[in-house]
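First comes the structure, then the notes that go with it.
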Amino acid sequence: MPQSVVSVARDSAIDTYLSNASSMTELIDLIPATYRAALSRILRGHFAMSQKISNCQQILATLNRHKSDGTFPQTVLAAIKQPNIQYSKEFMGGAGQKTAQEEIESNIKAVRTNLLDALVRHKTAELNVLQSHMSFDGDEWKAQCTRVAKNMADVLGQAAPEGSENPFASGMNKTSVREWERVHNNGRAWYARAVSLAYVAIEKTVARKMTKLSLKDKADTEMKDASDEQPTASVIDDKLSAFKAELLKELRKKNPAKTSGGPKPVKKGRVTKSTQKGKTKGSGPKKTKTGKAR
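The sequence shown maps to residues 1 to 294 in full-length UniProt numbering.
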């Protein structure tokens with residue numbers, strides 16, 4: 001059989017073997033126990049970096065989508081809010097109020113646009129930095145495999161002579177030799193599977209977040225006020241404040257004394273502390289043992 005066919009069959013077999021891993025824990029468990037401690041560190045590093053890159057890509061895609069649609073993400077809206085300024089009724093009825101409102105809205109939109117552009121630039125720069133760290137170092141992987149194999153061979157007295165490509169002597173058991181060959185020659189396959197698992201984990205996280213955001217956006221849309229930028233919490237606070245002010249206004253009309261902070265009126269016939277003054281203990285007619293007053 002040609003060597004190229006053997007290589008393809010071997011690669012296909014290891015890919016099928018690693019495809020059974022649905023998590024990083026399972027993928028690391030597929031590494032032979034002898035090499036697991038040394039190689040798991042490399043795989044976990046690639047997994048963490050892949051998650052950072054995927055997360056950065058998701059955020060950058062969202063920012064670019066807002067930029068193309070002419071909208072703003074919630075982080076930008078929260079950072080630059082519409083000021084709640086009250087105008088007098090005289091000003092509200094004139095042309096000056098409309099001009100002032102348009103100018104404020106134009107300035108706010110310009111600031112938000114600049115902030116969105118800055119976020120896109122910074123996230124793009126971050127992605128470039130992260131991707132520069134995301135490359136498989138095959139030499140490091142093989143060096144770690146060979147180092148562990150030589151240590152094991154030394155313990156068993158089966159170390160190969162210096163300069164040999166194989167770390168084991170000819171008398172080494174076949175199982176140990178096959179384990180070393182499996183991890184030594186297929187580091188890129190383990191690396192690719194770790195990257196794949198990282199992207200799957202990020203996609204699941206994003207899907208859960210999008211589900212929660214869609215439910216929140218639906219609730220906000222149903223409860224928004226006239227302003228499209230006012231979320232549910234702000235609407236509720238404004239309504240409660242307006243209701244409280246209206247209630248106090250009605251109470252002041254009906255009973256000014258209770259709402260003005262002055263002293264409470266005393267009901268007629270009610271015994272107060274001032275009416276009790278002058279009464280001493282034992283005043284009034286005393287009764288005898290027979291019950292008759294003296």
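All residues carry an ideal CB built from backbone N, CA and C; glycine is no exception.
In the three-state reduction of the DSSP assignment, residue 168 falls in the strand class. Two segments are said to touch when three or more pairs of C-beta atoms, one from each, lie closer than 8 Å; by this definition the stretch 18-36 does not touch the stretch 124-137.
In the three-state scheme derived from DSSP, where H, G and I count as helix and E and B as strand, residue 21 is classed as coil. Note that the C-beta distance between residue 50 and residue 206 is not below 7 Å. Apart from the 5 residues on each side of it in sequence, residue 124 sits with its Cβ closer than 7 Å to the Cβ of 60 in its chain, given in chain order. Of 89, 82, 118, the smallest CA-CA separation from residue 102 is found for 82. Under the DSSP definition of a beta bridge, residue 159 partners with 168.
In the DSSP assignment, residue 137 falls outside any alpha helix (DSSP H) and carries neither an H nor an E. In the DSSP assignment, residue 99 falls within the alpha helix (DSSP H) that extends over 95-132. Ranked by how close their Cα comes to the Cα of residue 169, the residues 179, 56, 245, 154 have 154 in first place.
Under the three-state reduction of DSSP, residue 176 is assigned to helix. Burial check for residue 179: the Cβ neighbour count within 10 Å reaches 16 or more, so the residue is buried. Residue 189 is positioned such that its CB atom lies no closer than 7 Å to that of residue 63. When the beta-carbon positions are compared, residue 115 and residue 76 come within less than 7 Å of each other. Excluding sequence positions up to five before and after residue 158, its CB lies within less than 6 Å of the CB of 168, 169, 171, 172, all in the same chain and listed in chain order. For residue 39, the closest of 182, 144, 202 by C-alpha to C-alpha distance is 144. In this model, residue 191 and residue 79 are separated by some 40 Å (Cα to Cα). Between the alpha carbons of residue 185 and residue 67 lies a gap of roughly 46 Å. For the set 248, 36, 58, 43, the Cα lying nearest the Cα of residue 203 is the one of 58. Within the model, the alpha-carbon separation for residue 91 versus residue 109 is close to 24 Å. Annotation: the continuous alpha helix (DSSP H) that includes residue 47 extends over 33-69. The C-alpha of residue 48 is placed about 10 Å away from the C-alpha of residue 42.
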